[in-house]
Amino acid sequence: MNAQEKVSSKQTIGTFEVKKNNYIEKKVKDLLKDLKLDIQLVTFGGGSPEANNFITIRFIDDIRNSDKNAKSAKITLFIKEHDSITNKLFQSTSGLKKRIKRDNVKYKTNEDILKGYENLTIIEIYANSDKN
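According to my numbering, the sequence shown is numbered sequentially starting from 136.
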């Protein structure tokens, strides 16, 4: 992607859906290098042989703070790998979805937040930042 097409603001998350084919069959790390927004929260789902593994990424969202009707900008990545080792990365132990929140001490970069997930292959992407 060229610099003009990179995700650099919350408004461009929704239009990112159009560019998603650039990342299908690519690694999570390839997408991360084009994200110019700080990740606020990552939620993981799946973790069983019957369910697709996925990663939902939400961004620090100044627009949502100023407009209470705005949804948080997010991207959901569906992951190709489905073996038992990969499934363990997505399993929660408490019955709640596995989550990682931004902690500027522990996770200084987006790559730090998704360490261990960066080499997984993306098979589908959903992106939005639309209002309710």
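For glycine and all other residues, C-beta sits at the position ideal for the given N, C-alpha and C.
For residue i, which of helix, strand or coil comes out of DSSP?
i	result
Val153	helix
Ile214	strand
Ile248	helix
My guess is that residue i and residue j are in contact by the Cβ rule of under 8 Å, so how many angstroms apart are they, rounded?
i	j	result
Asn245	Ile174	5 Å
Val297	Ile257	The structure shown does not extend to residue 297, since the chain spans only 136 to 267, so no value can be given for it.
When DSSP builds the beta bridges, which residues end up paired with residue i?
i	result
Ile220	In the DSSP output, where bridge partners are listed per residue, Ile220 has none listed.
Glu259	Phe213
Arg193	Leu176 and Lys209
Would you decide whether residue i is buried or exposed? Buried here means 16 or more other CB atoms lie within 10 Å of its CB.
i	result
Val177	buried
Leu231	exposed
Lys209	buried
Arg234	exposed
Gly251	exposed
Ile220	exposed
Asn239	exposed
With respect to the alpha helix (DSSP H) encompassing residue i, which residues constitute its N-terminal and C-terminal limits?
i	result
Lys164	Val163 to Leu167
First and last residue of the beta strand (DSSP E) that includes residue i?
i	result
Val177	Ile174 to Gly180
Asp159	It is Ile, not Asp, that sits at residue 159 in the sequence shown. Segment: none, Ile159 is in no beta strand (DSSP E) and carries neither H nor E.
Lys233	Lys233 to Lys236
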